Every structure is written in C-alpha cells, then in structure tokens.
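Reviewing the structure listed below.
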Amino acid sequence: MSKSLFNNLRVVLLDRDGVINEEPGPILSPEQFVMIPKSAAAVARLNARGWRCFVITNQAAFARG
62 MSKSLFNNLR
72 VVLLDRDGVI
82 NEEPGPILSP
92 EQFVMIPKSA
102 AAVARLNARG
112 WRCFVITNQA
122 AFARG
C-alpha cells in the first residue's frame, strides 16, 4: 500500500485580520499593512517546527485583484 501524500502534511491556516495584522478591512497599499506585534515571530517559530503557514482572508478586494 502506498503512503498517502498528505500523511506528513503540517498546515496552519491563519486569518489575516486580527491574527496577522491589526487593521481590519481592505488594505490598499503595503503602507497600510500593520503586523500585530510578535505575529511574524510566531509564524517563524511554526515554520521552524515544520509547519507550513498560509494566510487566508474573506476580503473582497483580493477576489477583485
């Protein structure tokens, strides 16, 4: 029996607003993006332990491009 591709997959899905960044709502420029203190370090620790982190959002601006 072959080993499943997903057996060793370690994934964390992080919501953008309130988890990664402070400002809820649409962010229209990089200057508007303000990270929550220590969130980048927390993601780095997860990555170092073998977790793949993905940021998700329900912001309509992303769907529009």
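Residue numbers for the sequence shown follow my numbering, beginning at 62 and rising by one. Note that CB positions come from ideal geometry on N, CA and C, so glycine has one too. Note that the structure is predicted; figures quoted are calculated from it, not measured.
Rounded C-alpha distance that separates residue i from residue j
i, j, result
"residue 76", "residue 88", "14 angstroms"
"residue 113", "residue 102", "14 angstroms"
"residue 121", "residue 91", "17 angstroms"
"residue 86", "residue 70", "31 angstroms"
"residue 119", "residue 93", "17 angstroms"
"residue 110", "residue 67", "17 angstroms"
"residue 65", "residue 107", "23 angstroms"
"residue 96", "residue 104", "12 angstroms"
"residue 74", "residue 83", "17 angstroms"
"residue 78", "residue 125", "18 angstroms"
Option nearest residue i by Cα separation, candidates the options
i, options, result
"residue 72", "120, 95, 116", "116"
"residue 98", "74, 108, 81, 65", "81"
Where the alpha helix (DSSP H) through residue i begins and ends
i, result
"residue 106", "100-109"
Delimiting residues of the beta strand (DSSP E) encompassing residue i
i, result
"residue 113", "113-117"
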